[in-house]
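Numbering (full-length UniProt numbering), first residue to last: 1 to 298. A quick write-up on the structure given underneath.
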């Protein structure tokens, strides 16, 4: 099966979310939440991420996670990840309870495409304080892709992880998971990167992006938003409409894509120093805002 076929299938089976200019979305991906060990890349940015997540919850955004939210290659169970980042999951639960949470699976959490696995591990958690089970993501379904479809213009924004264009990480993900657990996780602790990851292999990154752009060209310049490569992309109107929200494991920052008021923007959250020497977490606009309608007539 080619990358084009995998992307076609993801599009055909995508969950459709109608929206209009009053709706607000934040798109993050590649959080790679781990167990707070030395190999947990998310741990360095967890305070930045939690602050940003709080902001989007208070401001009424819908949260869309485009895959690789949980690092289930390095870690065997979701439970160890939950215990390490319990406050994050409890806040995500609030989005879920208000029907503002949309979760996709990527190659590092591909086990979530199995609904029975999700129901078993993510529906509830054990709370040792009162020795009881508590609800977490009761009834949640992970998807391979989303289509944000504008109610008035009928414009579609196709959102997926992007590993469909990466044969090794889509077809052979179980082998990749085995190698990461056995070989690369111990080496990561001493600073040796996994060469199978497109985020750490520039030539592979370019090949994956090229395949996605070719698919977009074959499909009438369909707006596509992905993650996987960890490299933020924000085209101008008139260019191939391939967006990438980056990742939440950049050194000392996280990046994402906001959709608000009919506009799309690429943003970054990072720690900044005030003149008096104290630290604060700030939101920085990297690209945009651009009007979504300006991408219709590419």
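The beta carbon of each residue, even a glycine, is placed where N, CA and C say it ideally should be.
Of the choices 55, 38 and 2, whose alpha-carbon is the least far from that of residue 24?
For the purposes of this step, residue 24 is taken as residue 24 along the chain shown, with counting starting at 1. It is 55.
Looking at residue 274 and residue 253, is the spacing between their C-beta atoms short of 7 Å?
Position 253 of the chain shown, counted from the first residue, corresponds to residue 253. Position 274 of the chain shown, counted from the first residue, corresponds to residue 274. In this structure, residue 274 does not lie closer than 7 Å to residue 253 by Cβ.
According to DSSP, is residue 220 helix, strand or coil?
Within the chain shown, numbered from 1, the residue matching residue 220 stands at position 220. If DSSP states are grouped into helix, strand and coil, residue 220 belongs with coil.
Determine the closest residue to residue 61 out of 85, 111 and 20, with distance taken between C-alpha atoms.
Start at 1 with the first residue of the chain shown, and residue 61 comes out as number 61. For the residues 85, 111 and 20, the minimum Cα distance to residue 61 belongs to 20.
Can you check DSSP and say which residues form a bridge with residue 121?
What you label residue 121 is simply residue 121 of the chain shown in a count that begins at 1. Answer by DSSP bridge pairing: none, since residue 121 is not bridged.
Here's a check: name, in chain order, each residue in its chain whose Cβ is nearer than 6 Å to the Cβ of residue 4, leaving out the five neighbours to either side.
Numbered from its first residue, the chain shown carries residue 4 at position 4. Only 215 meet the Cβ criterion.
DSSP three-state label for residue 7, please.
Your numbering for residue 7 matches position 7 in the chain shown. Of the three classes helix, strand and coil, the one that applies to residue 7 here is helix, per DSSP.
For residue 278 and residue 271, I'd like the C-alpha separation in whole angstroms.
Locating residue 278 in the chain shown gives position 278, counting from the first residue. Locating residue 271 in the chain shown gives position 271, counting from the first residue. Looking at the two C-alpha atoms, the distance is approximately 10 Å.
Determine the burial state of residue 284: buried for a count of at least 16 other Cβ atoms within 10 Å of its Cβ, exposed for fewer.
Against the chain shown, residue 284 aligns to sequence position 284. Exposed, since its Cβ has fewer than 16 Cβ neighbours within 10 Å.
Work out the CA separation of residue 152 and residue 248 for me, nearest whole Å.
Indexing the chain shown from 1 puts residue 248 at position 248. Indexing the chain shown from 1 puts residue 152 at position 152. Taking the straight line joining both Cα atoms gives about 32 Å.
If you reduce the DSSP assignment to three classes, tell me which class residue 298 lands in.
To locate residue 298, count along the chain shown from 1; it is residue 298. Any reading at residue 298 is ruled out, since the residue's pLDDT is 48, under 50, leaving its predicted position unreliable.
Taking 8 Å as the threshold, find out whether the region 32–42 comes into contact with the region 69–88 through three or more Cβ pairs.
Touching, yes.
Taking the alpha-carbon of residue 12 as reference, which of 174, 276, 294 and 147 has the nearest alpha-carbon?
Working through the chain shown from its first residue, we reach residue 12 at position 12. It is 147.
If you follow the beta strand (DSSP E) that residue 282 is in, where does it begin and where does it stop?
Position 282 of the chain shown, counted from the start, is the residue given in the question as residue 282. 279–291 is the extent of the beta strand (DSSP E) around residue 282.
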